[in-house]
Each structure stands twice: as C-alpha cells, then as structure tokens.
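Under the UniProt record's numbering, the final residue of the sequence shown carries the number 226; numbering is consecutive throughout. Just so you know, even glycine gets a beta-carbon here, dropped at the ideal spot from N, CA and C. Right, one structure below, let's go through it.
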Amino acid sequence: MARPKRRRAASPPPEEAAAVAAPSKSRSNRKEALMKSVVQQPSKKSKRNQKDGLKQGEGEPSGSVAELKSNPHKLAAPLVVFAHGAGANSSHEWMVRWKKLLAEATNAVEVVTFDYPYCANGKKGAPPKAEKLVESHREEISRAVSQHPGHPLVLVGKSMGSRVSCIIAGTEGTDVAAVVCLGYPLKGANGALRDQTLLELQTPVLFVQVQLIAWTMLWQAQFLLK
C-alpha cells in the first residue's frame with residue numbers, strides 16, 4: 001500500500017519572511033553594540049590611573065607625577081640655616097657631624113653654617129646676649145635665601161643658636177617655615193624660665209632635648225594649660 005506523500009510547508013511571502021527575520025537581526029545588532037561599548041569603556045582601574053596622571057596600558061606615572069614619586073622631597077627641598085651654640089663655632093666636630101645629618105635627613109638644597117661675630121676668624125670670648133646676635137644671624141639668612149630663592153626656610157640652632165633662631169622666627173621680616181631647637185636653653189643663668197619668646201611664636205618648632213627634657217615637658221604643660 002503506497003504511503004501518502006508529505007506536503008512541504010508553504011514558504012511565507014518575502015515581506016513576511018523579512019518581518020520574521022528582523023527581530024533576530026535587531027537583537028544581534030544590539031548585542032554587538034553592547035559588546036563594543038564594554039570593550040571601549042575604561043575600567044575603574046584605568047580611570048584611577050588617568051586621575052593619578054598615568055597613561056593607559058603603561059601603569060607608570062608621567063610628567064611631574066613621575067618626578068615627585070621618584071624623588072618626593074625634590075619639589076619642597078628646604079634651605080636650612082644652622083646656628084652654633086655659645087661654646088663652639090661652626091667648625092667644631094659636633095656641628096660638622098650634625099650638618100651632615102641634617103642634610104641627609106631633610107634632603108635640603110643646602111645646610112648653611114656660619115660663625116657669630118664674637119667667635120669668627122678664630123676669635124675667642126664670651127658670647128653677648130642672644131638679642132645682640134639677631135642682626136648678624138639675619139644677614140646670614142638673607143645671603144642664603146638670595147642664593148636659593150623659592151625654598152622653604154628652616155632655622156636650626158644649637159642651644160644659644162636655637163634661641164636666636166626662635167627670636168628671628170617670631171619677628172616680622174623673615175619668612176620661616178619651621179624651627180628646630182637642638183637643646184634650647186629654657187633656663188637662664190639666674191634660673192629664670194626663658195619661655196616668653198616661645199609662647200609668642202607662631203612658627204612650628206621641634207625641640208630636641210636631652211638634659212633639659214623635664215623642663216621642655218614642663219613648658220609644654222604650661223602652654224597647653226594656657
């Protein structure tokens with residue numbers, strides 16, 4: 001017995017076929033466009049790199065950012081003027097050693113040392129009052145600043161030199177970024193506490209004290225209570 005022939009489904013008209021295929025093609029186009037946008041859109045990490053001055057694909061800073069990262073102190077290298085104490089001039093081994101330490105610690109453009117007039121050129125004698133050394137100290141500062149303009153000025157002093165540095169930092173005419181006191185003489189010869197200059201000082205000060213650490217702590221406590 002012969003099997004009946006299977007009829008083939010009639011093909012839709014061309015316009016209907018196009019209508020059926022259109023949604024599929026549209027979905028394909030949307031998918032392709034979405035993939036392109038994902039590929040072209042920078043990642044969060046890439047955006048952070050651009051914000052930090054990095055080039056895409058390199059991961060390394062460029063321009064001034066690279067310079068700052070390779071040498072973070074270069075753009076703010078201070079000028080240090082280092083004053084000696086009453087007992088020895090700038091050629092003393094203690095001063096020479098600390099000059100080197102300061103240069104290494106601060107990455108200074110220069111650490112300038114000098115001799116106060118009373119002990120310059122090998123002269124020996126008792127030092128005058130700190131207030132009488134201010135003028136010669138200012139001259140040394142002006143000379144150093146003229147050679148290195150634009151660098152923050154840091155005054156460092158040993159004992160008497162630190163007191164003169166604080167006096168200068170507390171008066172108008174010299175733009176001082178900070179003061180470092182290596183053994184500040186808080187007590188005078190008569191036992192009086194010499195803290196008035198410090199109490200009026202607006203410049204940041206770092207005290208490095210050993211024997212007078214108790215007096216430094218006392219002054220800090222009095223300052224906080226005020």
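Residue i vs residue j beta-carbon contact at 8 angstroms
i, j, result
"S142", "D115", "no"
"R138", "T174", "yes"
"V180", "V145", "no"
"A189", "R163", "no"
"A86", "S159", "yes"
"V176", "L153", "yes"
"H151", "P204", "no"
Any chain B beta carbon closer than 8 angstroms to residue i
i, result
"A77", "Of the protein chains in this structure there is only one, and it is not chain B."
Length of the line joining the Cα atoms of residue i and residue j
i, j, result
"P149", "I167", "22 angstroms"
"S165", "H84", "10 angstroms"
"V80", "A120", "20 angstroms"
"H92", "E172", "31 angstroms"
"F207", "K124", "28 angstroms"
"G170", "A178", "11 angstroms"
"L186", "G161", "13 angstroms"
"T113", "M95", "8 angstroms"
"R194", "A88", "22 angstroms"
Helix, strand or coil at residue i according to DSSP, with G and I counted as helix
i, result
"V81", "strand"
Neighbour-count burial assignment, residue i, 16 or more Cβ in a 10 Å radius
i, result
"L182", "buried"
"A192", "exposed"
"A126", "exposed"
Open item on the list: Within 8 angstroms, do at least three Cβ pairs link the segment 194-213 to the segment 93-105?
Closed with: No, because fewer than three Cβ pairs between the segment 93-105 and the segment 194-213 fall closer than 8 angstroms, the two stretches do not touch.
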